[in-house]
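Participant: In the working numbering, the protein residues as written are 2 to 364.
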């Protein structure tokens, strides 16, 4: 069956009313949260995804003989790229792994050729993925509300967040049984607490995909990580359960994930400016575009953790023009992410570096 994919054009993006002021509010809220967490820990952390669980070196292999609609941008031809993967947890603070929140899967592709979305002089392509397909606060106005909530979190205990998560999951079950939509706050807090390596991760927001528009996802491919899907984190695993589980796994095993693109076919049913709307798979399935492979290794040495947590930055605008981030949330991140990175690096007295070789990642 032939599918008509939406062609990329600049006017697919429609600026949100008062977007500049709302972006300013988002940036200011992020800064306040950064300052509170830095004062708490006497160390600057990311405003989101502060806690890492493993940092991996690997490779991205573009699949051969992709059809025209998938052979775009970075994926235009069969090729292998080195990558750095950072596994993380969503809050901008160091929380117990017993708090069920969203997990992150940030991929930095090194040596990506071509014109840049921002003229930054880099040769990297970042894909920031989370184990949830949508962003409940899906436009800049709702996102500004989310940042206000996150600004309060440094003062909340892990126990408070655990209780809030339990209440949200209970509410979500009731609403789903009644076929009613979940309020954004409930959807945000209702995450399950499963083994991070078995999760499927999503860009949530759209990106340009060469001549087209897509959302990107990564799903377990090798049988050993597929076997971890839905495996619960046990209380006995402790507050740093995910770090230990990742280290135990990669101490002995390799892993492979499938990188996929879901191309837009209908801008009304698959909106670009509202990241809260799930793109229906019946309109456009997730299609494989590359394999992500990670050999057995030490994923959390002190040197590697410090490099990934304190030196590196992951930013959706570290991107080729062919994969330009799209929508009001992504546009706000063009300003918010550099501001957060500047605060973190300045507070810690460490220079930010963008790698040009995998050799720069410590063992």
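From the three backbone atoms N, C-alpha and C, an ideal C-beta is built for every residue, glycine too.
1) Which same chain residues, not among the five before or five after residue 362, have their C-beta less than 6 Å away from its C-beta?
2) Buried or exposed for residue 30, going by 16 or more other Cβ atoms inside 10 Å?
3) Taking DSSP's pairing of strands, which residues face residue 195 in a bridge?
4) Note down, one range per segment and in chain order, each alpha helix (DSSP H) of at least 4 residues found wholly within the segment 237-287.
5) Smallest Cα separation from residue 357: which of 222, 10, 82 and 38?
6) Taking the alpha helix (DSSP H) that residue 341 belongs to, which residues open and close that run?
7) Out of curiosity, what's the CA-to-CA distance linking residue 222 and residue 258?
8) For a minimum of 3 consecutive residues, which ranges assigned as the beta strand (DSSP E) are wholly contained in the segment 13-89?
9) Quick one: Cα of residue 290 to Cα of residue 218, how far?
10) Would you report the Cα separation of residue 355 and residue 122, rounded to the nearest angstrom?
11) Give me the Cα-Cα distance between residue 133 and residue 351, rounded to the nearest whole angstrom.
12) CB residue 243 to CB residue 98, shorter than 8 Å?
13) Taking 8 Å as the cut-off, decide whether the C-beta atoms of residue 263 and residue 280 are in contact.
14) Is the beta carbon of residue 127 less than 8 Å from the beta carbon of residue 320?
15) Start and end of the alpha helix (DSSP H) containing residue 127?
16) To which residues does DSSP link residue 106 through a beta bridge?
17) Across which residues does DSSP place residue 217 in a beta bridge pair?
18) Within the continuous alpha helix (DSSP H) that includes residue 226, where are the two ends?
19) Please say whether residue 88 and residue 76 have beta carbons closer to each other than 8 Å?
20) Are the beta-carbon atoms belonging to residue 324 and residue 209 less than 8 Å from one another?
21) Rounded to whole angstroms, what's the CA-CA distance from residue 171 to residue 119? Just pull it up for me.
22) Which residues does DSSP list as the beta-bridge partners of residue 208?
23) Give the secondary structure of residue 359 by DSSP, where H, G and I count as helix, E and B as strand, and everything else as coil.
24) Using DSSP's beta-bridge definition, name the partner residues of residue 289.
25) Would the segment 304-311 count as touching the segment 267-285 if we require 3 or more Cβ pairs under 8 Å?
26) On the CB-based measure, 16 or more other CB atoms within 10 Å of its CB, does residue 381 come out buried or exposed?
27) Identify which residue in 6, 7, 70 and 15 has its Cα closest to the Cα of residue 328.
28) Report all residues from its chain with a CB closer than 7 Å to the CB of residue 300; omit the five preceding and five following residues, and keep chain order.
29) Have a look at residue 1 and residue 296 and give me their C-alpha separation to the nearest angstrom.
30) Alpha carbon to alpha carbon, how far is residue 199 from residue 236?
31) Do you know offhand how far residue 69's Cα is from residue 205's?
32) What first and last residue would you give for the alpha helix (DSSP H) that runs through residue 305?
33) Applying the criterion that 16 or more other CB atoms from any shown protein chain within 10 Å of the CB defines a buried residue, is residue 341 buried or exposed?
34) Taking the DSSP output, what are the residues bridged to residue 8?
35) So, using beta-carbon positions, are residue 129 and residue 345 closer together than 8 Å?
36) Cβ of residue 94 less than 8 Å from any chain D Cβ?
Facilitator: For this structure:
1) Locating residue 362 in the chain shown gives position 361, where the first residue counts as 1. For residue 362, where only same-chain residues beyond five positions count, the Cβ hits under 6 Å are 58 and 85.
2) Here residue 30 refers to the residue found at position 29 of the chain shown. Buried.
3) On the chain shown, position 194 is the one that residue 195 refers to. By DSSP's assignment, residue 195 forms a beta bridge with 233.
4) Given a length threshold of 4 residues, each whole run of the alpha helix (DSSP H) inside the segment 237-287 is given here in chain order: 242-251.
5) On the chain shown, residue 357 is found 356 positions in, with the first residue counted as 1. Here the closest residue by C-alpha is 82.
6) Taking the first residue of the chain shown as 1, we reach residue 341 at position 340. Residue 341 -> alpha helix (DSSP H) spans 329-349.
7) In the chain shown, counting from the first residue as 1, residue 222 sits at position 221. In the chain shown, counting from the first residue as 1, residue 258 sits at position 257. Taking the straight line from one Cα to the other gives about 5 Å.
8) You should have 52-63.
9) Residue mapping note: residue 290 aligns to position 289 of the chain shown, counting from 1. Residue mapping note: residue 218 aligns to position 217 of the chain shown, counting from 1. Cα-Cα distance, rounded: 10 Å.
10) On the chain shown, residue 355 is found 354 positions in, with the first residue counted as 1. On the chain shown, residue 122 is found 121 positions in, with the first residue counted as 1. Straight-line spacing of the CA atoms in residue 355 and residue 122 works out to 10 Å.
11) Your numbering for residue 133 matches position 132 in the chain shown. Your numbering for residue 351 matches position 350 in the chain shown. Residue 133 and residue 351 have their C-alpha atoms some 32 Å from each other.
12) In the chain shown, counting from the first residue as 1, residue 243 sits at position 242. In the chain shown, counting from the first residue as 1, residue 98 sits at position 97. Yes; because the gap between Cβ atoms is below 8 Å, this pair is in contact.
13) Position 262 of the chain shown, counted from the first residue, corresponds to residue 263. Position 279 of the chain shown, counted from the first residue, corresponds to residue 280. Here residue 263 is near residue 280, since their CB atoms are less than 8 Å apart.
14) Counting from one through the chain shown, the residue named residue 127 turns up at place 126. Counting from one through the chain shown, the residue named residue 320 turns up at place 319. Yes, the pair counts as a contact, with Cβ atoms nearer than the cut-off.
15) Indexing the chain shown from 1 puts residue 127 at position 126. For residue 127, there is no enclosing alpha helix (DSSP H); the enclosing beta strand (DSSP E) has its first and last residue at 125-131.
16) Along the chain shown, read from residue 1 onward, the residue named residue 106 stands at position 105. Partner(s): 88 and 130.
17) Against the chain shown, residue 217 aligns to sequence position 216. Looking at the DSSP assignment, residue 217 forms a beta bridge with 262.
18) Along the chain shown, one-based indexing puts residue 226 at 225. Run containing residue 226: 224-227, per the alpha helix (DSSP H) assignment.
19) Mapped onto the chain shown, residue 76 falls at position 75. Mapped onto the chain shown, residue 88 falls at position 87. Cβ distance not < 8 Å, so residue 76 and residue 88 don't count as in contact.
20) For the purposes of this step, residue 324 is identified with residue 323 of the chain shown, where counting begins at 1. For the purposes of this step, residue 209 is identified with residue 208 of the chain shown, where counting begins at 1. Cβ atoms of residue 324 and residue 209: closer than 8 Å.
21) Against the chain shown, residue 171 aligns to sequence position 170. Against the chain shown, residue 119 aligns to sequence position 118. Here the model assigns residue 171 a pLDDT of 46, short of 50, so the residue's position is not dependable, and the following value carries that caveat. Roughly 43 Å between the two C-alpha positions.
22) For the purposes of this step, residue 208 is taken as the residue at position 207 of the chain shown. According to DSSP, residue 208 bridges with 215 and 326.
23) The residue labelled residue 359 in the question sits at position 358 within the chain shown. Looking at residue 359 - three-state DSSP - the assignment turns out to be helix.
24) As a working note, residue 289 is residue 288 in the chain shown. DSSP output for residue 289 lists 261 as bridge partner(s).
25) No contact exists between the segment 304-311 and the segment 267-285.
26) Residue 381 falls outside the range modelled here, since the chain spans only 2 to 364, and no answer is possible.
27) Here residue 328 refers to the residue found at position 327 of the chain shown. Closest option to residue 328, Cα to Cα, is 15.
28) Numbered from 1 along the chain shown, position 299 holds the residue referred to as residue 300. Result list for residue 300: 55, 56, 57, 247, 248 and 251, in chain order.
29) This structure does not reach residue 1, given that the chain is present from 2 up to 364, and the question cannot be answered.
30) Locating residue 199 in the chain shown gives position 198, where the first residue counts as 1. Locating residue 236 in the chain shown gives position 235, where the first residue counts as 1. A straight line joining the alpha-carbon of residue 199 with that of residue 236 spans about 18 Å.
31) Within the chain shown, residue 69 is the residue found at index 68, counting from 1. Within the chain shown, residue 205 is the residue found at index 204, counting from 1. The alpha-carbon atoms of residue 69 and residue 205 are separated by roughly 24 Å.
32) Within the chain shown, residue 305 is the residue found at index 304, counting from 1. First-last of the alpha helix (DSSP H) with residue 305: 303-307.
33) Locating residue 341 in the chain shown gives position 340, where the first residue counts as 1. Buried.
34) Here residue 8 refers to the residue found at position 7 of the chain shown. Answer is 213.
35) Taking the chain shown and counting its residues from 1, the one referred to as residue 129 is at position 128. Taking the chain shown and counting its residues from 1, the one referred to as residue 345 is at position 344. For residue 129 and residue 345, no; Cβs fall outside 8 Å.
36) Protein chain content of the structure displayed is limited to a single chain, and chain D is not contained in it.
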